[in-house]
Amino acid sequence: MRQLLQQAGPPPGVASVVVHRLGIGSNGHPQKQQQETQQAGRRRSQHRPASRRRPCVAQAAEGTLVGGLSAPVARQLRIPVGDREILLETGEVGRQASGAIMATDGETMLYTTACAVEDNVGDGSFAPLQVHYTERFSAAGRTSGGYLKREGKPKDHEVLVARLIDRPIRPMIQAGWTHSTQVLTWVMSYDGEHSPEPLAITAAGAALAISDVPLRKAVAGARVGLLPGRGFVVNPTVAEQEESSLDLLIAGTSEAVLMIEGFCDFLTEEQMLEAVRCGHEAIQAMCAAIEAWAAEVGKPKKTDDLLLPPEGLDERIRQLIGKQTEDAYRSVPGKKERGEIISGLRQQVRSQQGAAPPAAAADALALAAAEGPKYDYVTVQMALKRVESAIMRRLVLEEGFRADGRSIDAVRPIWARAGVLPRTHGSVLFTRGETQAMAVTTLGCSRSAQRIDTMSADDEEQRFYLQYFFPPSSVGEVGRVGGPGRREVGHGNLAERALLPVVPREEEFPYTIRVESTITESNGSSSMASVCGGCLSMLDAGVPLKRMVAGVAMGLILESDGRFVVLTDILGSEDALGDMDFKVAGDEQGITAFQMDIKVEGITLEIMQQALAAAGKGRRHILAEMAKCSPPPRGELSQYAPRIRTVQVPMEKVGMAIGPGGRTIKQIEEATGVDLQIDGNSGAATLKGDTQEALERAVAMLESIIADPEVGKIYRGCRVTQVMPFGTFVEVLPKREGLLHVSEWGYQHVRAVSEVVKEGDLVDVMVMELQDGGKFKLSRKAVLQADGVAPPPPSEQKQQQRRGGGGGGPSAEVEPPEIGRIYRGCRIVQIQPFGAFVQVGRRDGLLRVAEWSTDYTTSIASEAKEGDRVDVMVTEVSADGKFKVSRKAVLLADAAATAAAAEQHGDGDGTPEDGAADGAGSASDGEQPGTPGPGSDGKRALNITVQGS
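Position one of the sequence shown corresponds to residue 762 (the working numbering), numbered consecutively onward.
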């Protein structure tokens, strides 16, 4: 077999198959095992009918491999675009599709197929084309965050990209094509740098170009951005696009523009034209390369069964109803009334040779003279449409006459009324001619944001979004009602992007904004009515928009001889029978959104320039009419709208604000009825309440939790959490306690705080000092001074001092302790983990654990108890009279004195015990407890002991 393969060799252009040299056969078996398999296969083939026997390699055609199949090999086309190149490949993947393309830009790769079947579902006027676009999460190394992990129903973004692909290629399919055609695109690899949208348009155009579908010319797409300092850039990267003030997607052929859609930050008409020119230049080069490549690798086009209009039929119909149709266009401006007349004329034509058509539109119907040819129902319908279109177009081109009596640059009458729905946050009924939109704005917190799960990011959130509804009743019909169709998704996105540049930032207006536009009546340009109505409804809801925005739809009548007329604010019939639908939105000075679809090839920059100029004039007129809205928008929040505040929580206090398991948030929500959300990544806290009062209470509670005590600030109604002999601990802020020392209670001296306050009482305090570790000191006396409470007279203070009460804190008669003096027999009044408080005279000083002994001590409680007496030395006195003491210093001083005395008497091994075996230095020696002892001058040795009370 190997010799036969080597003799045959691969066919031209096909990569050769390499058989492994280490004894491995072509099907992966070891060579001996493969030989046995081949022998068994030959035995089975002997008993198989000749008609079912597969040809062996020797019987295969020359240049083919095992089984008659060729090894797949890709035919490549590299096209320079901007500062890089894109790669198109065919022949290796998807060989059974009519056209299959692998398109690569950087490391972003798309797989696109084009197929058509042998049916006849179309009528020849509108290509039976389906376009689907899917972004595989695996392309970016992700899995969907939703419950279902398999890609299913297309997301809104995928629908929008599918529309971008559909709109330019549909008009380029040969007229009369009736076979079901499908274009499928999958994003197989995404690098996060090169966006797939323009590549998808180019890949779809290339797939159709190499297929047997009769695409008249190659189609390609490009994206254009406007970067600071660089100008217009073709196919900018994702990072560059974030800095761009323009996002333009353009598609076309080597000769003309077919589709544009984009959004910008109030660019001028001149900048728009320059962007289109830049993008079309890149498209021209791509289309020329694709057409040359398709001629080499593509399939012959199927044009033998195109359904073309029969000769003479249009003229015959024109003779029958042409004058009546023209009279209806001239004399009946209303859509419904004119439609009824036209419908009657069509019925007259269809009944010339028989009865009215049955309910099924596919039933055949005769139309001709008694001896003339017969035409089916669909053929007659299309001829009637062509005749009506020709009459409408001639009236516009030759006379400038439109069906509703307007001039070509006139806008229909406009009415607007705000506040039509009393319980909504904002509502407007916007009417332009026979097109009407009911726009409603709803405000909410971040939980109301639209969550988007895309290939490129995890759960993005939109805080502003517009949803467009087009019920069949808006055109007087009966139809499907349910989820949004592709048209509704596309129109809603266009209106949303038109309004987005004027929506305030979240820092300025912390609301999620949802706009609904329900089309209640439609006769052209309902998406632009949604822009106008949405703008006014947001103003009625109190959204502080940066500017007002309006939109208008432009139409075109273009003849093959080059004559054209641009129409302002087109009707539904002008859209259906004309050649262009060009929607432009913005304010008086600039453009925010635009979308153009055409039905013919040949839209030049000259036509686009004239259309943009007319659109600017119409837009300014509409804005002036919107300003006349009566009653006008409210301009402030509705009483039914939630009140929302945003508070920034320091990142180091986010945990404190949330609480264990969200306990703090739940406490605030239960106490106030306010909805509280805290972003653990940014620290942004959003509070939503039904009333302003509830919102203010919740904000105050949250701020008190995260706030730091401010020196000099008075905090009222603070709860006493603990009473100690030296003072009280007071909760100034939630879970933030400070020390209110007994000396700071009031003007009068208080010996024990427990005599005047108990746990749970409420007091007013002022923060006096912040210390390291978050500790702080408080004063009630400073609050009395700030409130203007006068101290008692000096005579009353002296009387209270004689009674042991006293006023004004420490009495002037009580001498403050002296630094460096030793006080004997001082009573321990309280023991704490950090030390003990020792009474020195009438004051309590702090004896820390580290100052208890010369040896290491972990706790004073293990060596002494409250009531014991000790000797201490004052080591520090603060300005407010507080002081610290040390027992260790007394031990060291007494040890030094004992050693000096021993040397003086010639006894070198004297010990502290030699000085006072009976506990010298204690109160039993006659010394006054808490007074300087006889050894305080250091002239004699004293033994310091701990003695029971």
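For glycine and all other residues, C-beta sits at the position ideal for the given N, C-alpha and C.
* Asked: DSSP beta-bridge partners for T1714?
  -> Only positions 762 to 1710 of the chain appear in this structure, which leaves residue 1714 out of reach.
* Determine the direct distance from the alpha carbon of G966 to that of A1000, and round the result to whole angstroms. => 27 Å
* **Whole alpha helix (DSSP H) elements within the region 913 to 994, 4-residue minimum** => You should have 917 to 930 and 958 to 971.
* Hey, is the region 1527 to 1537 in contact with the region 1491 to 1507, meaning 3+ C-beta pairs nearer than 8 Å? -> yes
* Asked: What did DSSP end up calling R1168 once you bin it into helix, strand or coil?
  -> It should be pointed out that residue 1168 corresponds to Ser in this sequence rather than to Arg. Correct three-state label for S1168: coil.
* To do: Have a look at T1482 and S1443 and give me their C-alpha separation to the nearest angstrom.
  => 34 Å
* Taking C-beta to C-beta, are G1450 and V1435 nearer than 8 Å? -> yes
* **For M1720, three-class secondary structure by DSSP** => Given a span of 762 to 1710 for the chain in the structure shown, any question on residue 1720 remains unanswerable.
* Bounding residues of the beta strand (DSSP E) (the contiguous stretch that carries H1510) -> Neither: H1510 is in no beta strand (DSSP E) and is coded neither H nor E.
* Note down the Cα distance separating A1177 from L1373, rounded to an integer number of angstroms. => A1177 and L1373 have their C-alpha atoms some 25 Å from each other.
* **From E1016, S831, R897 and P959, residue whose alpha carbon lies closest to that of E1362** => E1016
* Asked: Hey, would you say K1344 sits closer than 8 Å to M1299, going by beta carbons?
  -> no
* **Cα-Cα separation, K1519 to V1511** => 14 Å
* Given 8 Å as the limit, is there contact between the region 840 to 850 and the region 987 to 996, that is, 3 or more CB pairs closer than that? -> yes
* Among V1141, P1183, M1417 and V1110, which one has its Cα closest to the Cα of P1070? -> V1141
* Asked: Fully enclosed by the region 1266 to 1351, which beta strand (DSSP E) runs are 3 residues long or longer?
  -> The qualifying runs are 1273 to 1282, 1311 to 1319, 1325 to 1329 and 1341 to 1347.
* Return the Cβ separation of Q1438 and T1425 in integer angstroms, given the expectation that the two are a contact with Cβ distance under 8 Å. => Actually they do not touch by this definition, with Cβ atoms about 13 Å apart.
* Among L830, Y1229, I1169 and W1613, which has the Cα closest to the Cα of Q1197? -> Y1229
* Asked: Excluding the five sequence neighbours on either side, which residues of its own chain have a C-beta within less than 6 Å of the C-beta of L1074, listed in chain order?
  -> A1144
* Asked: What are the boundary residues of the alpha helix (DSSP H) that includes Y1090?
  -> L1074 to S1092
* Between the region 1322 to 1332 and the region 1152 to 1159, are three or more C-beta pairs nearer than 8 Å? -> yes
* To do: Could you pull out every residue in the same chain whose Cβ sits closer than 8 Å to the Cβ of E1222, ignoring the five residues on either side in sequence?
  => Contacts found: S1207, A1210, Q1211, R1212 and I1213.
* To do: Can you grab the Cα-Cα spacing for the pair T1192 / T851, in whole Å?
  => 52 Å
* To do: Count the other C-beta atoms from every protein chain shown that fall within 10 angstroms of the C-beta of P959, then say buried if there are 16 or more, exposed otherwise.
  => buried
* To do: Going by DSSP, name the residue or residues bridged to S1540.
  => M1527
* Asked: Any idea if G913 is buried or exposed, counting beta-carbon neighbours within 10 angstroms, 16 or more meaning buried?
  -> When all chains shown are included, G913 counts as exposed.
* Asked: What residues are listed by DSSP as bridge partners for F1711?
  -> The structure shown does not extend to residue 1711, since the chain is modelled only from 762 through 1710, so no value can be given for it.
* Tell me, which residues are paired with D1008 by DSSP? -> G986 and F1024
* Asked: Can we say the region 889 to 900 touches the region 941 to 951, given the rule of at least three CB pairs closer than 8 Å?
  -> yes
* To do: Could you tell me which residues DSSP pairs with K1449 in its beta bridges?
  => I1405 and D1436
* Provide the residue(s) that pair with F1355 in DSSP beta bridges, ordered along the chain. => G1023 and V1345
* **Cβ contact check for the region 1624 to 1636 and the region 1542 to 1556: 3 or more pairs under 8 Å** => no
* Return the first residue and the last residue of the beta strand (DSSP E) that I847 is part of. => R845 to T851
* **C-alpha distance - D1008 paired with E1257, whole-angstrom precision** => Roughly 14 Å between the two C-alpha positions.
* Who are the Cβ neighbours of T1064 in its own chain at under 7 Å, not counting the five residues just before and after it? -> Q935 and P975
* **Rounded Cβ spacing between M1341 and L1366 (contact assumed at less than 8 Å)** => Between L1366 and M1341 the Cβ distance is about 14 Å, and since that is not below 8 Å, they are no contact.
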